[in-house]
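Asker: One structure is given below, represented as structure tokens, and several questions about it will come after.
In my numbering, the protein residues as written are 8 to 235.
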């Protein structure tokens, strides 16, 4: 794949998988953010070993249950940036990698880039983070069910009283997402439209790995050997 800004068509969902089967009439596209350089991590965080796998693959495997979740989605895009050439070989074929050349602009700009790649037929966008290592397919499915029941609302994870990713945005918010810039992320949208947010308590969402120490502490809390 060339280091351009387009999603790799060879990783697109088949037409049989397009559309949400278990989530009513909603049509959810997924977007995982994995474009950052992770300066605080002091290494390529996306490839750091988690439970014997590169972090990116671990997160995708757990979140999608080895890709099975994609049957409930119209597509699953993965935004890469820093170290994309090193990371691409580990991307499973059930997601579509997109390379954001201006990844240095931060998370907000990365989201804006990613939302523009969303399937034109999608009604909602699920935004997830590659370093949220504890999110499970069951938890995401719960969020999809809430989305089907409240299609006009934003569905956001809540942990320690904070709203954040994973979060599902209706298409009516896509234009706002596409205008994000710098490193503010989508949290300001959640704050501005808090009355329209359905919050799902998700303690596992608090585990987003930013440093080597946090990864070590998470392994220890899980009873895992970080050298595995």
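The beta carbon of each residue, even a glycine, is placed where N, CA and C say it ideally should be. Model, not experiment: these values are computed from the prediction.
1) For the stretch 30–43 and the stretch 76–94, state whether three or more C-beta atom pairs, one from each stretch, are separated by less than 8 angstroms.
2) Would you tell me roughly how many angstroms separate the C-alpha atoms of residue 138 and residue 47, rounded to the nearest one?
3) Looking at the structure shown, is residue 166 part of a helix, part of a strand, or coil, going by DSSP?
4) Looking at the unbroken beta strand (DSSP E) that takes in residue 152, where does it start and where does it end?
5) Taking the alpha-carbon of residue 60 as reference, which of 97, 145, 192 has the nearest alpha-carbon?
6) Could you check whether the stretch 112–124 touches the stretch 148–164, counting it as contact only if at least three pairs of C-beta atoms, one from each stretch, sit closer than 8 angstroms?
7) If we count Cβ pairs, one from each stretch, closer than 8 angstroms, do we get three or more for the stretch 217–229 versus the stretch 159–170?
8) With C-beta atoms as the reference, is residue 204 less than 8 angstroms away from residue 197?
9) What are the partner residues of residue 266, as DSSP defines its beta bridges?
10) With residue 122 as the anchor, note down where its alpha helix (DSSP H) starts and where it stops.
11) Kindly indicate which residue of 147, 82, 167 has the alpha-carbon position closest to the one of residue 128.
12) Name the DSSP beta bridge partners of residue 205, please?
13) Are residue 102 and residue 85 closer than 8 angstroms when you measure CB to CB?
14) Can residue 132 and residue 172 be called in contact, C-beta distance under 8 angstroms?
Answerer: From the atom records:
1) yes
2) Per the coordinates, the alpha-carbon of residue 138 lies some 13 angstroms from the alpha-carbon of residue 47.
3) strand
4) Here residue 152 belongs to no beta strand (DSSP E); instead the alpha helix (DSSP H) covers 144–156.
5) If we check each option's Cα against that of residue 60, 97 comes out closest.
6) no
7) no
8) yes
9) Residue 266 falls outside the range modelled here, since the chain spans only 8 to 235, and no answer is possible.
10) 114–122
11) 82
12) 162
13) Contact: yes.
14) Residue 172 sits away from residue 132, with the two beta carbons spaced by 8 angstroms or more.
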